[in-house]
Ligand code: SF4
């Protein structure tokens, strides 16, 4: 099979986001995804699988063992050379390498060999995200941490019970949490020459009947214990000819609410108990989780923006980390008296007005909003 056919199969395969998170002659654009680096902006990356052969049977996956699908595999030389060509021609500014599992250790060796060639033979110093496969060995994890800007281990489900419904041949504690913990430890020991961006994971949302509370509880634990850089949530969508083909797709709003909640945990100081869940443990699809918290805590409001500390400001709908910081700075220059003052500092005043006092006064907009 020639290299372009492989790129076609394995670049498109990565778009299924199987073991991956959230994409010259012939047209290479289908294999390019965009990632958002911490500083903002968007970076085009080659998102690709080392191989789409897989011995596992995850029940939602297009590449599960036994499913009739055309498969291919790159050698490390082929993939490193193809990436080098793409990045030199300016098509991509990074590599996101994942894979099906044709022997965990063997496949991980090939992925590492690919990135070693990219770094050493081709002298590439840019962005590399390397997926660590389930059951990867300690030395492989350490080498992955040495080579990549970001490493990740996909948990897929929030706990062993849910994982058993999704991926019967994966072991939550040993196969997934084990590598995640070892990668976190290697990063903490400072073994990452490149791993500036840390460790991530991904969940498949809604395929195993799990609740948002379960997903966010595990996410919070990963932030607390492993200093995870971030979690990704991927709404389940059924694939024909898989055991879950008749299960309905998950509403995209659920994925969006989980991302908002994750953001609140990372940047606003929210904890699991702050979120408002329904009787099934799920977030409301039609309400922003920060507004849901504010409405459940009338005793907290109104907040006087001229006196409140940063954490109190961050609880106000419409005020984010940047506008909270600007409010604190602006207060040193004088009293904030109007919604116009807040708007100039980046506050979304239509949201914030019902929840704030300005120099002891309720903003006039507040009454009309009520
Ligand atoms: S390990 Fe599971 S999710 Fe990954 S490619 Fe194989 S079947 Fe798909």
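Numbering (our numbering), first residue to last: 2 to 371.
For each residue, glycine too, the CB sits at the ideal point set by N, CA and C.
- Secondary structure of residue 278 (DSSP, three-state): coil.
- Within the model, the alpha-carbon separation for residue 151 versus residue 190 is close to 15 Å.
- Listed in chain order, the beta strand (DSSP E) elements of length 3 or more contained wholly in the region 292 to 332 amount to none.
- Judged by pairs of C-beta atoms under 8 Å, the region 90 to 98 touches the region 111 to 129, as three or more such pairs exist.
- Residues of the same chain with a CB within less than 8 Å of the CB of residue 272, apart from the 5 flanking positions on each side, are 221 and 266 in chain order.
- Where residue 341 is concerned, there is no enclosing beta strand (DSSP E), although the alpha helix (DSSP H) around it starts and stops at 340 to 345.
- For residue 133, the Cβ stays outside the 7 Å cut-off from all heavy atoms of the ligand SF4.
- The residue among 55, 216 and 114 with its C-alpha nearest the C-alpha of residue 76 is 114.
- For residue 168, the shortest C-beta to heavy atom distance toward the ligand SF4 is below 7 Å.
- Within a 10 Å sphere around the beta-carbon of residue 269 sit 16 or more other beta-carbons, which makes this residue buried.
- Between residue 232 and residue 201 the beta-carbon gap is near 7 Å, inside 8 Å, which marks them as a contact.
- Residue 262 has its alpha-carbon roughly 38 Å from the corresponding atom of residue 7.
- DSSP places residue 201 inside the beta strand (DSSP E), whose first and last residues are 199 to 206.
- By the neighbour-count definition (other C-beta atoms within 10 Å, threshold 16), residue 286 is an exposed residue.
- In the three-state scheme derived from DSSP, where H, G and I count as helix and E and B as strand, residue 215 is classed as helix.
- As a beta-bridge residue in DSSP terms, residue 96 pairs with 47 and 129.
- Residue 230 is positioned such that its CB atom lies closer than 8 Å to that of residue 199.
- For the pair residue 104 and residue 213, the Cα-to-Cα distance works out to about 33 Å.
- A straight-line Cα-Cα distance of about 35 Å links residue 110 and residue 251.
- Excluding five sequence positions before and after residue 332, the CB atoms of its chain that fall closer than 7 Å to its own CB belong to 307, given in chain order.
- It is roughly 33 Å from the alpha-carbon of residue 241 to the alpha-carbon of residue 138.
- A straight-line Cα-Cα distance of about 31 Å links residue 156 and residue 82.
- Shown here for residue 246: same chain residues with a beta carbon closer than 7 Å to its own, the five before and five after excluded, namely 239 and 240 in chain order.
- Residue 254 and residue 121 have their C-alpha atoms spaced approximately 43 Å apart.
- By the neighbour-count criterion, in which a residue is buried when 16 or more other Cβ atoms sit within 10 angstroms of its Cβ, residue 211 is buried.
- For residue 295, the CB contacts under 8 Å within the same chain, skipping 5 residues up- and downstream, are 301, 302, 316, 317, 318 and 356 in chain order.
- When 146, 293, 205 and 326 are compared, the shortest CA-CA separation from residue 352 is found for 293.
- Rounded to whole angstroms, the Cβ separation of residue 173 and residue 119 is 31 Å, and the two are not in contact under 8 Å.
- Counting only residues of its own chain and dropping the five nearest sequence neighbours on each side, residue 248 has a CB closer than 6 Å to the CB of 239.
- Look at the region 228 to 276 and you find these whole runs of alpha helix (DSSP H), each 4 residues long or longer: 253 to 268.
- Judged by DSSP in its simplified three-state form, residue 223 adopts helix.
- The residues 66 and 102, in chain order, have a CB closer than 6 Å to that of residue 56 in the same chain once the five nearest residues on each side in sequence are set aside.
- DSSP links residue 151 through a beta bridge to 130 and 199.
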